[in-house]
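For reference, the structure discussed in these notes is given below.
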Amino acid sequence: HLRNRWRRRKWEQEAVMKEPGNFPLERLLAIFQCIASVGDFSFGEEEDEEGEEEATGYDKESNNMMSDILLQVASLCDANFIIKSGSCPLEGSIRYRSMVSEDMSLKVARSLSFPLSKYLYRR
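Whatever position you read off the sequence shown (first residue = 1), add 375 for my numbering.
Shown next as structure tokens:
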């Protein structure tokens, strides 16, 4: 009986790690930031070099980039690559769910020369 319980817990843990779950927009943005930092370019370096940040802390380049990212999130929703899966009244944020298969994700990553398989959970 203990062995079955242990197997069930292990299966549940693997299912949680492997299957797509609901995630807030903040998590999606954090993942994007990590991916961008792995790439050949860095979004933060150009702004500091050009000195476009005003004394108020408002950064036009960063603000434009954020609006572009949010537009892309809306496009992903329109194309059903991600769907809105509800919201959390305590957090006040919308949660999303990926509808793209792992195989498709790997193909897109390969076309962009991004090592996605390094970041995926494997048994």
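C-beta: ideal position from N, C-alpha, C; glycine also.
1) In the DSSP output, which residue or residues are listed as bridge partners for Gly461?
2) What residues in its chain sit with their C-beta under 7 Å from that of Leu451, if we drop five residues either side in the sequence?
3) Taking only the alpha-carbon atoms, compute the straight-line gap between Trp386 and Ser476 and give it to the nearest angstrom.
4) Between the beta-carbon of Ser492 and the beta-carbon of Leu481, is there less than 8 Å?
5) Quick one: grab the DSSP three-state call for Phe489.
6) Rounded to whole angstroms, what's the CA-CA distance from Leu404 to Asp478? Just pull it up for me.
Concretely, from the data shown:
1) For the purposes of this step, residue 461 is identified with residue 86 of the sequence shown, where counting begins at 1. Its beta-bridge partners are Arg470.
2) Locating residue 451 in the sequence shown gives position 76, where the first residue counts as 1. Within the same chain, Leu451 has close Cβ partners Ile457.
3) What you label residue 386 is simply residue 11 of the sequence shown in a count that begins at 1. What you label residue 476 is simply residue 101 of the sequence shown in a count that begins at 1. Their backbone Cα atoms lie some 20 Å apart in a straight line.
4) On the sequence shown, position 117 is the one that residue 492 refers to. On the sequence shown, position 106 is the one that residue 481 refers to. Cβ distance < 8 Å, so Ser492 and Leu481 count as in contact.
5) Taking the sequence shown and counting its residues from 1, the one referred to as residue 489 is at position 114. DSSP places Phe489 in coil when its eight states are reduced to three.
6) Working through the sequence shown from its first residue, we reach residue 404 at position 29. Working through the sequence shown from its first residue, we reach residue 478 at position 103. Straight-line Cα distance between these residues: approximately 22 Å.
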